[in-house]
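Each number in the working numbering comes from the position in the sequence shown (counting from 1) with 8 added on. We put the beta carbon where it would ideally sit given N, CA and C, even for glycine. Worksheet: one structure, shown below.
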Amino acid sequence: MGFYVPENVVTNDDLSKLMDTSDEWIRERTGIEQRRWVIPGEDSTSGMGVKAARIAIEKAGLKPNDIDFIIFATLSPDYYFPGPGVQVQEALGIDTIGALDVRNQCSGFVYALSVADQYIKTGMYNNILVIGSELHSGGLDKTTRGRGVTVIFGDGAGAAVVTASDDPNRGILSTHLHSEGKNAKELALIGPATSRWVDQIMAEHDEKDLSYYPYMNGNFVFKNAVTRFPEVIMEALNQNRLKPEDISLLVPHQANLRISQFIQKTMKLRDDQVYNNIMKYGNTTAASVPIALTEALENGRVKEGDIVCLAAFGSGFTWASALIRW
Ligand code: COA
């Protein structure tokens, strides 16, 4: 595992200079104290992904050319197309291996991991690089108009190398994926899309067109998240005949600290069973699970044999979990 976040720290007080908000409001509603935002032009989604990937590959004791497949999850690609997977292949100087882009927003990393897991289990690939990376700051409305969304999101990247193992008692035990497209527009960025004709957009040239900024029905997202998280975690536990008390560490997508606390309470988990770092990085969407998992590893919160549960919920809506015996 490896992660990378930009050096530029943006505190809640920094945001209150840009818009009508306060440290108190943001902390109370989300638990976020600061986030990292790329200095404009200094990095990119693919660039941060490559930095996280280099660390993960080195920690796995491999060289870039040992990687035989790339999976890149993001909602904020450098380009509309192609996706950033190919940019990683080029930047790491890897041979012409396959590169797949996953578009599942906050659940992106867990979805990507499930794909890697299946390719490994069928024997198709041996060392798969899975990346979640987001550059949100370039696309947020940094005025009071956008405060309900903008204060939540941060930039960063996390990466994992998923490798075949002969040990039947270790590894990814199961993954569980869900979606509910009827809620697609409750958390979405509609603007730059083929559903809107480009020549019409250019002709309108409307500065009041807010569809270029992310939209979020915060209350609705919150209510769905606190139901779906426990559901998909229980699905993973039931399939493996385990109980909440068997979880060594739950690494939930860092959507909002209040959501994590709600899950912890509902599932009667102890503090030491749940990892949170949203306070420092905000919500980094597809990057949040691999950033949190890497940090948990570095802090000695995961040891061999532990039952680690990853869970995510977000735009789509999509939600997912993965149960791992470390
Ligand atoms: N600073 C100050 N005031 C703000 C604000 C900000 N950053 N953002 C919104 N407000 C105001 C609103 O305008 C509203 O004012 P009003 O009552 O005068 O109309 C008030 O605060 C309450 O807004 P509301 O949107 O109802 O707040 P909330 O309690 O639902 O909290 C979220 C908003 C976004 C923190 C919360 O809904 C949430 O966390 N939802 C889930 C988000 C999430 O996890 N997204 C990622 C999905 S993976």
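In this structure, the CA atom of residue 81 is about 16 Å from the CA atom of residue 262. In the structure shown, the three-state DSSP call for residue 332 is strand.
By the criterion of a C-beta distance shorter than 6 Å, residue 195 is surrounded in its chain by 224, 229, 323, once the five residues flanking it on both sides are discounted. The continuous alpha helix (DSSP H) containing residue 117 extends over residues 116-130. Under the three-state reduction of DSSP, residue 16 is assigned to coil, being neither helix nor strand. Distance from the Cα of residue 312 is smallest, within the candidate group 59, 44, 332, 37, for 332. As the crow flies, the alpha-carbon of residue 310 is around 13 Å from that of residue 178. Distance from the C-beta of residue 261 to the nearest heavy atom of the ligand COA is below 8 Å. Considering only 277, 256, 28, the residue with the shortest C-alpha distance to residue 20 is 28. With contacts defined as CB atoms closer than 9 Å, residue 247 and residue 184 qualify as a contacting pair.
Within the same chain, 80, 85, 109 come within 7 Å of residue 91 by CB-CB distance, once the 5 residues on both sides are set aside. Here residue 88 carries a coil assignment [DSSP, helix/strand/coil]. With fewer than 16 other CB atoms across the displayed protein chains lying within 10 angstroms of its CB, residue 227 is exposed. By DSSP's assignment, residue 217 forms no beta bridge with any residue. For secondary structure counted as the alpha helix (DSSP H) over 4 or more consecutive residues, the stretch 33-83 holds these complete runs in sequence order: 53-67. Runs of the beta strand (DSSP E) lying entirely within the stretch 154-222, each at least 3 residues long, are 164-171, 179-187 in chain order.
Per DSSP, residue 226 lies in no beta strand (DSSP E) segment; the continuous alpha helix (DSSP H) that holds it begins and ends at 226-247. Around residue 103, the same chain offers 73 as residues with beta carbons nearer than 7 Å, after the five sequence neighbours per side are excluded. Under the 8 Å Cβ criterion, the stretch 284-296 does not count as touching the stretch 230-246, having fewer than three qualifying pairs. Non-local C-beta neighbours of residue 24 in its own chain, meaning closer than 6 Å and more than five positions away in sequence, comprise 30, ordered along the chain. For residue 148, there is no enclosing beta strand (DSSP E), as DSSP gives it neither H nor E.
In the three-state DSSP reduction, residue 306 falls in the helix class (H, G or I). Within the same chain, Cβ atoms closer than 6 Å to the Cβ of residue 197 are found at 222, the five residues on either side in sequence being excluded.
Residue environment analysis places residue 162 among the buried positions, since at least 16 neighbouring C-beta atoms fall within 10 angstroms of its C-beta. With a threshold of 8 Å, the Cβ atom of residue 156 counts as near the ligand COA, since some heavy atom of the ligand is closer than that.
If the five residues before and after residue 88 are omitted, its C-beta is found closer than 8 Å to the C-beta atoms of 200, all from its own chain and listed in chain order. The Cβ atoms of residue 141 and residue 330 lie no closer than 9 Å to each other. Take residue 94, set aside five residues on each side of it, and the residues of its chain with a beta-carbon closer than 7 Å to its own are 107, in chain order. Restricting attention to 271, 278, 113, 334, the CA atom closest to the CA of residue 301 is found in 334.
Under the three-state reduction of DSSP, residue 142 is assigned to strand.
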